[in-house]
Amino acid sequence: MNIENFEQELNELILKRGEKYYKEGRVRSLMEKRPGYYTANVAGTNSYRVHIHMKNSTDIESMECDCPYTYRPYCKHMAAVLYALRGRLQAIPDVVADNTVPSVKKAPEKDSLSELLNKQPKAALVEVLLAAARENDILRAHMEAIFSNPADEKNSWLKLMRNCINSFKGRDNFIRWNECDKALQGTYKVLEHIQIAIDCKEFLMATELILAVMREMLKMTQFADDSDGGISYVLDSVKSLLASEVIAITDKEQREILFTKILTESKNKIYGGWLEERVSLITACISLADSLKQKRRLDSYFEKYMVDNDASYAFNNYTQEKIAILKYQLLKKFDKEKVDAFLSENRAFAEIREILLKKTITGQKYLEAEKLSLEGEKNDAELPGLVKKWKQIRFQIYELENKTTEMRSLACELLIKYTCFDYYTKLKKLYDEKEWQKIYIQILDRLEKQKYVSRIYCQIVIAEKDWHSLLKYTKYFPEEILRYYKYLWEIYPQEVFAVFKEFIMQFAETCTERRHYKTLCSYLRILCKIGGKETTSDIKEKLSAKYPRRRSLLEELAKVD
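Per UniProt numbering, the very first residue in the sequence shown carries number 1; after that it's consecutive.
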């Protein structure tokens with residue numbers, strides 16, 4: 001394994017958890033015991049020690065961790081230390097020989113926990129584990145899950161998840177936002193076990209755990225503050241695991257069993273209002289469906305279970321669009337000859353229209369595609385995002401047909417009205433140099449006459465190296481000088497200094513706390529750096545005179561040389 005690209009070797013979920021630990025600063029005491037041998041403590045549920053042996057400055061010879069995770073060669077603690085070690089090594093200048101590793105921090109050599117444990121008799125180790133389990137219910141549940149027999153495997157892992165969740169409920173049975181991630185630690189271990197089950201082709205076990213975790217997370221939303229997104233992350237993870245699993249199943253009998261199990265699960269009332277989760281289950285069923293009988297079961301399911309009569313019109317309209325996509329996927333699999341008619345009948349839905357447009361363009365039916373785009377622009381007139389999408393597709397059609405006049409008009413509209421800078425280059429290529437100068441002036445004129453001058457104006461003038469227009473923009477919006485001074489100060493130093501002065505004086509009027517004054521002084525330092533020392537002194541003098549009682553301001557100004 002190479003330290004530069006170790007991500008290629010580790011499981012994605014383990015990498016995510018390890019990177020999270022690294023960013024949270026859980027990697028402690030990273031030391032080089034002897035050349036190439038590193039140790040670090042990682043603060044997780046408990047503190048664990050990781051050992052890494054580097055063969056040279058980039059290649060890893062071996063790794064070990066004393067945590068109880070045994071399902072894969074690498075754990076999240078190893079991943080966290082790898083991130084930390086790579087960051088440390090990259091920060092040290094490469095002044096050593098190729099076959100050595102830069103020193104991090106020397107430490108006296110002593111036995112690793114692994115070595116110590118290997119020296120102990122089995123009875124002593126069992127006693128230590130039992131004592132630890134008696135003191136920690138979550139650790140006990142984790143050990144029971146790891147060492148459970150096949151008959152109890154599912155229940156043992158679910159017990160771990162639920163014990164961990166319940167242990168962080170407050171007196172009001174609610175989990176606060178700052179406790180939510182801790183409450184999910186058991187669930188994260190279940191996710192790791194699901195991935196292992198999929199890798200080992202234990203699809204029934206994996207599916208049962210996926211469905212159980214999904215249900216548990218939906219329940220948890222009723223008594224937990226998910227501001228940090230932990231529950232959402234778990235739901236996304238199990239949906240992703242389910243999608244990857246169904247692709248891997250080839251055994252016909254297993255596919256049929258799982259089809260029935262997942263379809264039955266999707267009928268659970270808990271999914272009412274959780275459309276994305278229900279859609280993920282039905283998408284899995286469509287992937288698993290191999291017979292017309294299964295197709296008919298899905299057809300009847302759509303109308304019976306996926307429409308919520310108590311929901312708002314907007315939600316049900318969104319639901320109908322999702323149903324249409326699912327029906328399209330089903331038709332593609334079983335009735336390909338009906339696909340075109342279905343797409344045409346349901347083109348009022350944006351996703352369906354987009355599919356139909358791509359299909360029509362691929363078939364070189366450009367006139368039909370243009371009509372579909374224009375129809376979309378008209379029907380979705382109140383939804384600017386969709387209108388922009390249909391116009392962009394229409395531009396693609398004109399490109400394929402080489403319709404210069406239409407491309408010019410549409411590119412200009414997308415550039416100015418919809419602020420799509422990508423169309424600046426496309427538009428410019430449609431004119432010769434002489435013609436473009438006239439068009440360019442017209443574009444700036446149209447942008448300047450808008451009620452709000454958007455930043456697309458600056459993007460265009462920077463691309464054209466029209467520094468005079470950019471300077472004019474900063475004079476109109478002085479606060480924008482921070483964004484654009486680097487383009488202007490060498491060409492228009494005095495004008496830039498003047499804009500800086502106006503901006504800083506305006507900013508000072510809004511300052512009320514020391515942190516604001518620190519920010520103000522950071523702007524003064526920028527001004528000094530680009531040669532505006534005299535202007536800086538003038539600003540300091542004026543601010544000191546204008547606000548003589550703002551002690552914090554005066555103290556911060558005194559720090560600006």
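All residues carry an ideal CB built from backbone N, CA and C; glycine is no exception. As the structure is a computational prediction, the values presented were derived from the model and not from experiment.
The straight-line gap separating the alpha-carbon atoms of ILE530 and GLN320 is approximately 59 Å. For ALA43, the enclosing beta strand (DSSP E) covers residues 37-43. The alpha-carbon separation between ASP228 and ASP432 amounts to approximately 53 Å. Closest by C-alpha distance to VAL387, out of GLU377, LEU13, GLN450, is GLU377.
Per DSSP, the continuous beta strand (DSSP E) segment holding ARG49 begins and ends at 47-54. LEU13 is not a Cβ neighbour of LEU129, given a cutoff of 8 Å.
Closest option to GLU401, judged by alpha-carbon separation, among LYS389, GLU368, SER291: GLU368. A check of alpha carbon separations from LYS295 across GLU144, GLU256, LYS269, ARG278 identifies GLU256 as the nearest. With a threshold of 16 other beta carbon atoms within 10 Å, TRP489 meets it and is buried. In this structure the stretch 74-83 does not touch the stretch 134-147; the number of beta carbon pairs closer than 8 Å is below three. Just measuring C-alpha positions, the residue of CYS200, ILE441, ASP290, LEU275 sitting nearest LYS239 is LEU275.
From the listed residues LYS269, LYS327, LEU209, the smallest Cα separation to ILE196 is found for LEU209. DSSP lists ASN41 as the bridge partner or partners of ARG28. Between LYS293 and the set PHE259, LYS438, PHE349, the nearest pair of CA atoms involves PHE259. For the alpha helix (DSSP H) assignment, the uninterrupted runs of no fewer than 4 residues enclosed by the stretch 409-494 are, from N- to C-terminal side, 422-428, 433-448, 456-463, 467-476, 481-488. With respect to the 8 Å criterion, ALA248 and ILE286 are not classified as neighbours on the basis of their beta carbons. The closest CA to that of GLU406, considering only TYR418, LEU125, GLN392, is found on GLN392.
The beta carbon of LYS338 lies closer than 8 Å to those of LEU331 in the same chain, with the five residues before and after it left out. DSSP lists ASP59 as the bridge partner or partners of ASN2. Here DSSP, grouped into helix, strand and coil, assigns GLU64 to strand. Sequence-distant Cβ neighbours of LYS267 in its own chain, meaning closer than 6 Å and more than five residues away, are TYR305.
Apart from sequence neighbours up to five positions away, the residues of its chain that approach THR207 with a beta-carbon distance below 8 Å are LEU242, GLU245, LEU258, LYS261, ILE262, ordered along the chain. In this structure, the straight-line span from the alpha carbon of ALA284 to that of ILE194 is close to 16 Å. For the stretch 136-204, the continuous alpha helix (DSSP H) assignments of 4+ residues that do not extend past its boundaries occur at 137-146, 153-167, 177-183, 185-199, in sequence order.
Excluding the 5 residues flanking it on each side, LEU184 has same chain C-beta neighbours closer than 6 Å at GLY230, in chain order.
ARG549 and GLU541 have their alpha carbons spaced roughly 14 Å apart. DSSP places LYS529 inside the alpha helix (DSSP H), whose first and last residues are 514-529. If you draw a straight line from the Cα of ARG134 to the Cα of VAL42, it is about 23 Å long.
The beta-bridge partner set that DSSP reports for ARG34 consists of TYR37.
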